[in-house]
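Asks:
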Amino acid sequence: ALIEKHAPGKGRILDVGCAAGLFVKAAKEGGWDAYGVEPSKWLADYGKNKLKLNVKAGTLRQAKFPSNYFDVVTLWDVLEHVPDPSAELKEIYRILKPGGLLAVNYPNFGSKLARLAGRRWWFLLSVHLFYFTPHTLKMMLERNGFDEFYSKRHFQKLSLGYLAYRFGPYSKLLQAALTKIVHGLGLQDKQITYYASQALVLARKK
Numbered sequence: 001a002l003i004e005k006h007a008p009g010k011g012r013i014l015d016v017g018c019a020a021g022l023f024v025k026a027a028k029e030g031g032w033d034a035y036g037v038e039p040s041k042w043l044a045d046y047g048k049n050k051l052k053l054n055v056k057a058g059t060l061r062q063a064k065f066p067s068n069y070f071d072v073v074t075l076w077d078v079l080e081h082v083p084d085p086s087a088e089l090k091e092i093y094r095i096l097k098p099g100g101l102l103a104v105n106y107p108n109f110g111s112k113l114a115r116l117a118g119r120r121w122w123f124l125l126s127v128h129l130f131y132f133t134p135h136t137l138k139m140m141l142e143r144n145g146f147d148e149f150y151s152k153r154h155f156q157k158l159s160l161g162y163l164a165y166r167f168g169p170y171s172k173l174l175q176a177a178l179t180k181i182v183h184g185l186g187l188q189d190k191q192i193t194y195y196a197s198q199a200l201v202l203a204r205k206k
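Just so we're aligned: 120 in this note's numbering is position 120 of the sequence shown, and the numbers increase by one with no gaps anywhere.
(1) Rounded to a whole number of angstroms, what is the C-alpha to C-alpha distance between N68 and S151?
(2) Tell me whether the beta-carbon of K205 lies closer than 8 Å to the beta-carbon of P98.
(3) When you compare the CB positions of V127 and L101, do they come within less than 8 Å of one another, or not?
(4) Please state if the CB of R153 and the CB of A203 are separated by a distance shorter than 8 Å.
(5) For P85, report the span of its alpha helix (DSSP H) as first-last.
(6) Which residue comes first and which comes last in the beta strand (DSSP E) that contains G184?
(7) Around the C-beta of L75, are 16 or more other C-beta atoms found within 10 angstroms, so that it is buried, or is it exposed?
(8) Touch check for the region 34-41 and the region 54-62: three-plus C-beta pairs under 8 Å?
(9) Roughly how far, in whole angstroms, is the beta-carbon of L14 from the beta-carbon of F70, given that I think they are within contact range, below 8 Å?
(10) Pop quiz: G21 and L51 are said to be a contact at Cβ under 8 Å. What is the actual Cβ separation, rounded to whole angstroms?
(11) Quick check: the region 87-97 against the region 134-149, are there 3 or more CB pairs under 8 Å?
(12) What residue range is occupied by the uninterrupted alpha helix (DSSP H) comprising E29?
(13) Who does L53 pair with in a DSSP beta bridge?
This is the structure in structure tokens:
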């Protein structure tokens, strides 16, 4: 809904690092001409064959999309994983139409929760190659031809069962207790909205 509020219309949209393509599926069902690209061949094949989505296996560069092709490109928890974020943004700039919309969701290294957690911050993972603050990401976007115009905290929904499980690295005892309570009450699948120090920015191709 947020993307549709700022996009010029329901045109061609690409989700980079789309996993099995659930966002691609949601966009397609919403009337978009939706595409996805995913480096995991197994996940890309699942999206293509099981969900009947337009998902390519490989990296964004390997996909070789035409220049000025997409109206919107999204990166949901992806930019921190790529080996060269600046090069990834350059390629996105190439395939976006003039004035096209870019959405980036990322763990905010400059958030109060990150500072409070310190070395135990849950987003300090071996699969995260880079970390961004709102300031550093804005500078990188500007250097690669984007004008950031919107920024906010990013709230997500997860099941209580999964959230209880995620307490494991901090306290096995607490994890076991919460898991027992959640499953005992039959609430393991209940979805709750939470904030875990992530941020979302929208930018336009200049």
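For every residue, glycine included, the Cβ atom is placed at its ideal position computed from N, Cα and C.
None of these values were measured; they are calculated from a predicted model.
Replies: Quick look at the numbers:
(1) Within the sequence shown, numbered from 1, the residue matching residue 68 stands at position 68. Within the sequence shown, numbered from 1, the residue matching residue 151 stands at position 151. Separation of N68 and S151 (C-alpha to C-alpha, rounded to the nearest whole angstrom) is 25 Å.
(2) Residue 205 sits at position 205 when you count from the first residue of the sequence shown. Residue 98 sits at position 98 when you count from the first residue of the sequence shown. Yes, they are a contact pair.
(3) As a first step, residue 127 is located in the sequence shown; it is residue number 127 there, counting from the start. As a first step, residue 101 is located in the sequence shown; it is residue number 101 there, counting from the start. Contact: no.
(4) Locating residue 203 in the sequence shown gives position 203, counting from the first residue. Locating residue 153 in the sequence shown gives position 153, counting from the first residue. The answer is no: Cβ separation not under 8 Å.
(5) Position 85 of the sequence shown, counting from 1, holds the residue named residue 85. Residues P85 to I95.
(6) Working through the sequence shown from its first residue, we reach residue 184 at position 184. Bounds of any beta strand (DSSP E) do not take in G184; it lies within the alpha helix (DSSP H) bounded by K172 to G184.
(7) By one-based count along the sequence shown, residue 75 stands at place 75. Burial check for L75: the Cβ neighbour count within 10 Å reaches 16 or more, so the residue is buried.
(8) In this structure the region 34-41 lies against the region 54-62, because at least three pairs of beta carbons, one per stretch, are closer than 8 Å.
(9) For this step, residue 14 is matched to residue 14 along the sequence shown. For this step, residue 70 is matched to residue 70 along the sequence shown. So it is a contact: roughly 5 Å between Cβ atoms.
(10) On the sequence shown, residue 21 is found 21 positions in, with the first residue counted as 1. On the sequence shown, residue 51 is found 51 positions in, with the first residue counted as 1. Between G21 and L51 a beta carbon distance of about 6 Å is seen, short of the 8 Å cut, so the two are scored as contacting.
(11) Flag = yes, the region 87-97 and the region 134-149 touch.
(12) Here residue 29 refers to the residue found at position 29 when the sequence shown is read from its first residue. Residue range L22 to E29 is occupied by the alpha helix (DSSP H) that includes E29.
(13) What you label residue 53 is simply residue 53 of the sequence shown in a count that begins at 1. Paired residues: none, contrary to the question.
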